[in-house]
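Keeping their order, the protein sequence lines are chains F and S. So the first sequence is numbered by our numbering: it starts at 2 and just counts up by one. So the second sequence is numbered by our numbering: it starts at 2 and just counts up by one. For glycine and all other residues, C-beta sits at the position ideal for the given N, C-alpha and C. Before any comments, here is the structure.
2 protein chains.
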Amino acid sequence: MARAHNFYAGPAVLPEPALQAGVEALRDYKGIGMSVIEISHRSKEFTEIIETTEADIRELMNIPDNYHVLFMTGGASTQFALIPMTFLKRKADYVDTGAWSAKAIKEAVRFGEVHLAGSGKEGGYTRIPDSLDLSPDADYVHVTSNNTIYGTQWSEFPDTGDVPLVCDMSSDILCREIDVTKFALIYAGAQKNMGPAGVTVVILRDDLLQRVPAELPTMFKYTTYAEKKSLFNTPPVFPIFMVGQVAKWLKDIGGVKEIERRNREKAAMLYDVLDRYDIYRPHAHPSSRSLMNVTWRMTDEKLEAELLAAAAERRMYGLKGHRSVGGLRASIYNACPVESVKALCDLLVEFAESH
Amino acid sequence: MARAHNFYAGPAVLPEPALQAGVEALRDYKGIGMSVIEISHRSKEFTEIIETTEADIRELMNIPDNYHVLFMTGGASTQFALIPMTFLKRKADYVDTGAWSAKAIKEAVRFGEVHLAGSGKEGGYTRIPDSLDLSPDADYVHVTSNNTIYGTQWSEFPDTGDVPLVCDMSSDILCREIDVTKFALIYAGAQKNMGPAGVTVVILRDDLLQRVPAELPTMFKYTTYAEKKSLFNTPPVFPIFMVGQVAKWLKDIGGVKEIERRNREKAAMLYDVLDRYDIYRPHAHPSSRSLMNVTWRMTDEKLEAELLAAAAERRMYGLKGHRSVGGLRASIYNACPVESVKALCDLLVEFAESH
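See the structure below:
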């Protein structure tokens with residue numbers, strides 16, 4: 002079947018070359034007579050897979066040697082607990098920019114004092130706070146880089162000085178060039194911009210490992226993953242293989258610089274159409290608009306249902322907005338082809354002009 | 002490439018029909034124009050996948066309605082911590098039958114008193130203890146059903162009366178008929194007998210949920226997975242899909258009864274050859290031999306290396322014993338075809354008769 006237009010918020014569209022490599026490796030990995038999911042995680046084949054994947058992520062993001070790249074499981078939701086469990090000794094600053102930030106805060110308060118350094122809640126999470134009330138003595142500052150549900154994104158990250166900056170980058174990692182050295186810890190569930198569901202990538206500055214309490218269970222310690230190169234126990238083999246294939250695709254097309262160019266082009270096309278017609282009401286304030294998740298309501302709910310039905314006829318899927326916001330949402334992650342965005346723009350124009 | 006003979010201890014060989022279904026679903030799931038790893042975990046397609054997978058596991062294992070079937074992550078190693086974190090209030094009984102039991106104990110002692118109800122350590126873990134010293138007031142009893150490294154397996158599980166029996170069944174779940182009602186909690190990393198790496202199946206009796214402490218982080222609570230049907234956050238989509246395909250294959254060939262018959266036949270063939278020639282020294286005591294992992298040493302280490310090389314020439318992989326035991330190990334899980342076991346037996350006979 003020809004490819005559908007996939008606007009799911011995650012798990013989401015993946016690059017075709019990565020999928021093709023996945024199909025081949027699943028059938029028979031490099032002609033060894035076994036599938037990639039049938040080989041030991043201690044085999045030379047998997048050792049090469051995990052090492053290459055790490056090296057490619059390091060190259061793409063320009064990650065310095067004093068940072069570890071870890072492959073963990075349990076998604077961002079598990080990191081919401083592991084981070085305060087590990088680093089929250091007294092007080093941490095959190096910025097609440099949407100549902101995922103709020104969930105991170107909910108887990109953190111179990112472990113210590115949480116200071117709300119900024120919040121977009123009162124404004125309906127339409128924008129990233131302009132200024133923050135940071136605590137100079139915080140154990141760390143936690144931000145959510147991109148807010149899938151509300152369609153907002155930090156355009157510039159706060160300067161937290163000597164206080165470690167921790168960032169949930171699940172929905173926009175690798176979407177644009179960033180300076181990793183501004184962060185102490187970056188984490189991302191893979192299933193939006195890096196690969197399939199089932200693996201969480203953690204990028205962690207080495208000196209933070211000294212803060213890991215010895216008494217934590219082995220699998221909840223970042224030190225375990227750092228010391229054993231994510232191979233203390235069996236890691237999620239296929240998800241890691243696919244993250245490697247997505248990284249390879251990104252390198253092949255020209256790296257993060259090129260994908261950022263494409264992402265800005267795709268997002269601009271879509272916001273331009275939404276801004277042009279009164280029938281569309283973009284949710285995010287222009288200063289805080291996401292390159293990854295474009296959210297909007299329409300003048301009435303019937304029109305939203307009608308538009309969703311018209312989209313389905315053109316094989317466009319995943320456009321229904323999150324239940325907490327309503328309306329529509331187009332997730333246009335790295336792997337979303339510009340053709341899909343053009344097709345959606347065409348529909349939006351036709352729909353607006355006929356209503 | 003023709004299939005190799007795969008004796009890896011895990012991740013391990015999978016059934017060809019399951020792999021074929023994986024290849025097709027990865028390319029395009031049921032003709033929807035998207036891969037199975039590109040669809041939302043809230044989509045109707047994935048809802049059907051996870052529900053069917055659960056239903057098939059329930060049918061295969063004859064799991065009563067008062068048990069939950071949960072799909073978690075982090076492997077058995079994470080369960081080693083979650084179980085005492087959740088259920089160890091005062092004292093728990095553990096039986097040490099090998100390296101994995103020992104790792105479970107190492108995590109448990111962080112949370113309370115561990116009483117060693119039995120141990121095979123002094124005997125080099127060659128057998129499952131004949132009798133146990135169980136505490137009537139224990140919070141639970143923990144056993145490891147099958148010991149991949151030493152090649153031993155419980156043939157009959159202990160009767161723990163009213164004390165909940167918790168079992169790590171990672172390496173032999175679904176290998177034989179068991180009475181689930183004897184257990185309060187069964188857990189298994191999928192990557193040996195159920196599917197690929199990346200998902201942990203937990204079978205939990207409903208009344209145990211009342212013991213889950215409210216203060217635990219959301220992702221560490223069994224209640225979260227039970228209440229949200231393993232969909233609180235994004236689950237490992239592809240590993241779950243593959244577990245479903247392995248379950249379907251098992252149903253198609255005649256269920257657990259038939260696979261048990263095959264497993265007993267395969268194991269008997271192999272032990273029979275090992276017992277026939279003095280050159281082979283099976284590790285496990287005959288009373289405790291595993292149906293899944295057959296371990297042996299040889300009269301000298303040079304012969305072991307020679308046999309491994311001869312096996313590699315015949316495209317037999319994964320036969321090197323675990324570093325802590327040495328020698329050789331043939332893991333002959335459910336999906337290992339009888340043809341592979343026959344090929345190995347042929348080699349063993351030829352090798353013995355020519356040395």
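A direct Cα-to-Cα measurement between Ala269/F and Thr87/F gives close to 40 Å. For Thr98/S, the three-state secondary structure derived from DSSP is coil. Using a CB distance cut-off of 9 Å, Val70/S does not count as an interface residue toward chain F. Assigned with DSSP and collapsed to three states, Gln192/F falls in coil, not helix or strand. Annotation: the continuous beta strand (DSSP E) that includes Arg282/S extends over 281-283. If you draw a straight line from the Cα of Lys303/S to the Cα of Ser355/S, it is about 15 Å long. Between Tyr9/F and Ser132/S, the C-beta spacing is not below 9 Å.
Per DSSP, Asn264/F is one residue of the alpha helix (DSSP H) stretching across 256-277. In the three-state DSSP reduction, Cys168/F falls in the strand class (E or B).
Of the candidates Ala13/F, Cys176/F, Pro18/F, Pro18/F places its Cα closest to the Cα of Val247/F. Around Thr74/F, the same chain offers Gly199, Val200, Thr201, Pro236, Pro237 as residues with beta carbons nearer than 8 Å, after the five sequence neighbours per side are excluded. In the DSSP assignment, Phe8/S falls outside any beta strand (DSSP E) and carries neither an H nor an E. Taking 8 Å as the Cβ-Cβ cut-off, the stretch 233-257 of chain F approaches chain S at Phe233, Asn234, Thr235, Pro236, Pro237, Val238, Phe239, Pro240, Met243, given in chain order. Taking CB atoms only, Lys107/F has a neighbour in chain S less than 9 Å away.
Three or more Cβ pairs closer than 8 Å define a contact, and the stretch 163-173 of chain F falls short of that threshold against the stretch 203-213 of chain S.
The beta carbons of Met317/S and Leu275/S sit no closer together than 9 Å. Using a Cβ distance threshold of 9 Å, Ser146/F and Asp173/F count as a contacting pair. Of Ser291/F, Ala22/F, Arg324/F, the smallest CA-CA separation from Thr127/F is found for Ser291/F. Among the residues of chain F, none has a CB under 9 Å from the CB of Ile260/S; the nearest is roughly 18 Å distant. Looking at the backbone, the Cα of Ile50/F and that of Ala306/F are separated by about 44 Å.
An exposed status is given to Gly125/S, since fewer than 16 other beta-carbon atoms sit within 10 Å of its beta-carbon. For Gly162/S, the three-state secondary structure derived from DSSP is coil.
Residue-level contact check: Leu20/F touches chain S, since one or more beta carbons of chain S fall below 9 Å from its beta carbon. The stretch 147-157 of chain S makes contact with the stretch 279-296 of chain S, as at least three CB pairs between them are under 8 Å. Per DSSP, Asn67/F has no beta-bridge partner at all.
In terms of beta-carbon proximity, Ser231/S stays away from the interface with chain F, with every pair separated by 9 Å or more. For Arg330/S, no alpha helix (DSSP H) encloses it; the enclosing beta strand (DSSP E) starts and ends at 329-332.
Bounds of any beta strand (DSSP E) do not take in Ile33/S, whose DSSP letter is neither H nor E.
Under the 10 Å beta carbon count, Asn67/S is surrounded by fewer than 16 other beta carbons and is classified as exposed. With fewer than 16 other Cβ atoms from the protein chains shown falling within 10 Å of its own Cβ, Pro65/S counts as exposed. Burial of Glu39/F is indicated by the presence of at least 16 other C-beta atoms within 10 angstroms of its C-beta. Comparing C-alpha distances from Pro85/S to each of Ala139/S, Ile33/S, Gly162/S shows the shortest one belongs to Ala139/S. Using a CB distance cut-off of 9 Å, Met293/F does not count as an interface residue toward chain S.
The shortest C-alpha to C-alpha distance from Val342/F to any of Gly327/F, Asn264/F, Tyr281/F, Arg277/F is the one to Asn264/F. Arg111/F belongs to the set of residues whose beta carbon lies under 9 Å from a beta carbon in chain S. Along the stretch 214-228 of chain F, the positions whose C-beta sits under 7 Å from a C-beta of chain S are Glu216, Pro218, Thr219, Met220, Phe221, read in chain order.
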